[in-house]
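Numbering (UniProt numbering), first residue to last: 1 to 119.
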Amino acid sequence: MNKTPSITVSIKTLNEAQGIEKTIDSVRKQLQPYPHQVIVADSLSTDNTRELAVAKDAMVVCLDNAKDRCCGIGHQLGWLFSEGDYLLLLDGDMELEPGFLDTAIAFLEAHPGIRGRGR
1 MNKTPSITVS IKTLNEAQGI EKTIDSVRKQ LQPYPHQVIV ADSLSTDNTR ELAVAKDAMV
61 VCLDNAKDRC CGIGHQLGWL FSEGDYLLLL DGDMELEPGF LDTAIAFLEA HPGIRGRGR
């Protein structure tokens, strides 16, 4: 029997207080059957994005310096802390369509030569 793959979801944020809870909730609903971690990679938000993410049991990691902000840095930061067999990258205002994760994992498991990232 194959082991259930583990999944890391990295959510990049910068002042996403209005949407981060919905994003995390949409992810958590689909992660239940999998070993997982949810990382919020924050670019030094000035609102309460980080506090809201912590309240949703996400691991929050932050840039050290606002001068380092750029489009891809949040996902790079999340990747540094990821431990899953698979890594899903999201922005802080996104929500997953129902069934997305199961469909994606089934496809990737059936086609081991196709990977965005694997360990």
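Ideal Cβ positions, reconstructed from N, Cα and C, are used throughout, including at glycine.
Cβ-based burial, LEU80 [other Cβ within 10 Å; buried from 16]
For the purposes of this step, residue 80 is identified with residue 80 of the sequence shown, where counting begins at 1. Exposed, since its Cβ has fewer than 16 Cβ neighbours within 10 Å.
Within the UniProt domain "Glycosyltransferase 2-like" (9 to 112), note down every full beta strand (DSSP E) run reaching 3 residues or more, in order along the chain.
36 to 42, 59 to 62, 86 to 91
Nearest CA to the CA of LEU63: which residue from SER43, VAL54, GLN76, CYS70?
The residue given as residue 63 occupies position 63 in the sequence shown. Ranking SER43, VAL54, GLN76, CYS70 by Cα distance to LEU63 puts SER43 first.
Would SER26 and SER82 qualify as a contact pair, given that the criterion is a beta-carbon distance under 8 angstroms?
Counting from 1 along the sequence shown, the entry for residue 26 is found at position 26. Counting from 1 along the sequence shown, the entry for residue 82 is found at position 82. No. Outside cutoff.
Alpha carbon of LEU108 to alpha carbon of ILE114, nearest angstrom
By 1-based counting over the sequence shown, the position of residue 108 is 108. By 1-based counting over the sequence shown, the position of residue 114 is 114. The alpha-carbon atoms of LEU108 and ILE114 are separated by roughly 6 angstroms.
Identify, in the order they occur along the chain, each residue of the same chain with its Cβ nearer than 8 angstroms to the Cβ of MET59, setting aside the five sequence neighbours on each side.
Reading the sequence shown from its first residue, position 59 is the one you call residue 59. Closer than 8 angstroms at Cβ, skipping near neighbours: GLN37, VAL38, ILE39, VAL40, PHE81.
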